[in-house]
Each structure stands twice: as structure tokens, then as C-alpha cells.
Amino acid sequence: MQSLHQHNERAQQSKILSMLSRGAAIALISDAGFLPPKQSARLKKLQQLSAVQATLLLYAPPHSLAAILADAVEVLDGSRQCVVARELTKMHEEFFRGTLAAAAEEFQSRPAKGEITLVIEGAGPVDTTQDANSALRELIQSGMAPSLAVARVVKEFSVKKSSIYQLALDIKSEIR
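Take the sequence shown: its letters are residues 922 to 1097, numbered as in this note's numbering.
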């Protein structure tokens, strides 16, 4: 296991790139630490984390857990799965599993105690297909050649050329 953080990034970066070039599999494991105590800063941080597709690991002080869960429901969507883990690796270890909304409701009515680790399901994959199709249509309707429009959309939305080229031709024939 390699530790990688802002103070050793340059030194570790070359080691990790070397491992990757040799075909090694790398797993990035990270935690988001504690969220800010003030609600406005906490909401902003949750918004920054909202599109992360990896599982989120957060630490929560027990006196703030209910507020953190309520904010997570508001920003991240209450239907995401989560685990509220208390006193990990200790005698009084306890887990609550369910949606963020269910966890928020549960810990609104009972106070949390001990060290809390909050594990939240990552964001689902972003479906850029619809956005790419709309952008393609707009570009062609504005007079851009289909081949140029396809090239721009492929670059901007990271979609496969083969998946949208026929659509570009169909749009062009509709306009005629």
C-alpha cells in the first residue's frame, strides 16, 4: 500500500506511473475526511463531491451526524445507499444500512455516540448521450458540416464517433 497526499505527490507520482506502465493494477482508496462544521461550507463540499462516482468515505462527529445526513439528502439525493458505522473495530461496533433519507430519519430521532464513519454510494454514471445528441443537432442546424459537428461533439462529450455519425447524417437529411 502506498500513501499519496499533497505533501508527497511528486515523489509518489513517478512510482505509481512506473507501476502502471508495467501493467500493475492500481486501486485508489481515499476518504473525504471530516466535512466542514458550518452548514454553508458543508453544502458546498457535498456539492463538489456529488458527481464523484467512487464510494464516499466521510468521518462525522456524533453531535453533527443528523445535520450532515440532512445536508447529504438535500445535495446528494436521499435514495443513495449508505452505511453509518459506529466504533469500527471496537467492542460496541454498530452499523446502520439503508438510504441516506432513512439514515437521516433514524439519526434525527436517536443521538449518535462514538466515532462515526459514513459510507455513501457514489454517483451513478453520467449519461452524456442525450446532451451529445442535442449539441450535435444544434451545431448541424446552425450550418456546421456534419463531419465537423461530429468531431466537436466527440471531443467535448467523449462519445464514440461511430455512435453519433449516423445521427449526424439523419439530422442533415431532415434539414434539407
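Each residue gets a CB set at the ideal place from its N, CA and C atoms; glycine is no exception.
Distance cut-off 7 Å: residue i Cβ against heavy atoms of the ligand GTP
i        : result
Val-1075 : What this structure holds is no ligand at all, so the ligand GTP is not there to describe.
Chain-order list of residues whose beta-carbon lies under 7 Å from that of residue i (same chain, five-residue window excluded)
i        : result
Ala-1053 : Val-1074, Phe-1078, Val-1080, Ile-1085
Pro-1067 : Ile-1061, Ala-1089, Leu-1090, Lys-1093
Leu-964  : Asp-992, Val-996
Ile-947  : Ile-937, Met-940, Leu-941
Val-973  : Gly-1043, Ala-1044
Residue i - containing beta strand (DSSP E), residue span
i        : result
Thr-1050 : Where Thr-1050 is concerned, there is no enclosing beta strand (DSSP E), although the alpha helix (DSSP H) it sits in stretches over 1050–1062.
Start-to-end residues for the alpha helix (DSSP H) that takes in residue i
i        : result
Glu-1026 : 1021–1030
Lys-1093 : 1082–1096
Leu-1069 : 1067–1078
Sequence-distant residues of its chain with Cβ nearer than 6 Å to residue i (five each side left out)
i        : result
Gln-968  : Val-996
Pro-983  : Ala-1033, Lys-1034, Ile-1037
Ser-942  : none
Ala-1056 : Val-1074
Bridge-paired residues (DSSP) for residue i
i        : result
Val-1040 : Leu-978, Val-1004
Residues near residue i by beta carbon distance below 8 Å, same chain, minus five either side
i        : result
Thr-907  : What is shown of the chain runs 922 to 1097, which leaves residue 907 out entirely.
Gln-923  : Gln-933, Lys-936, Ile-937
Tyr-980  : Asp-952, Gly-954, Phe-955, Glu-1036, Ile-1037, Thr-1038, Leu-1039
Val-1071 : Leu-1057, Lys-1082, Ile-1085, Tyr-1086, Ala-1089
Leu-1009 : Glu-1036, Thr-1038
Beta carbon of residue i nearer than 8 Å to that of residue j
i        : j        : result
Leu-990  : Gly-1043 : no
Val-966  : Pro-957  : A quick correction: the sequence has Lys, not Val, at residue 966. Result yes, Cβ atoms of Lys-966 and Pro-957 sit closer than 8 Å.
Leu-1021 : Arg-1001 : yes
Ala-1024 : Phe-1017 : yes
Ile-960  : Ala-987  : First, the residue type needs correcting, since residue 960 is Gln and not Ile in the sequence shown. In this structure, Ala-987 does not lie closer than 8 Å to Gln-960 by Cβ.
Considering only residues of the segment 929–1017, which uninterrupted alpha helix (DSSP H) runs meet the minimum length of 4 residues and lie entirely inside it, listed in chain order?
-> For the segment 929–1017, whole alpha helix (DSSP H) runs of length 4 or above, ordered along the chain, are 930–942, 960–970, 986–993.
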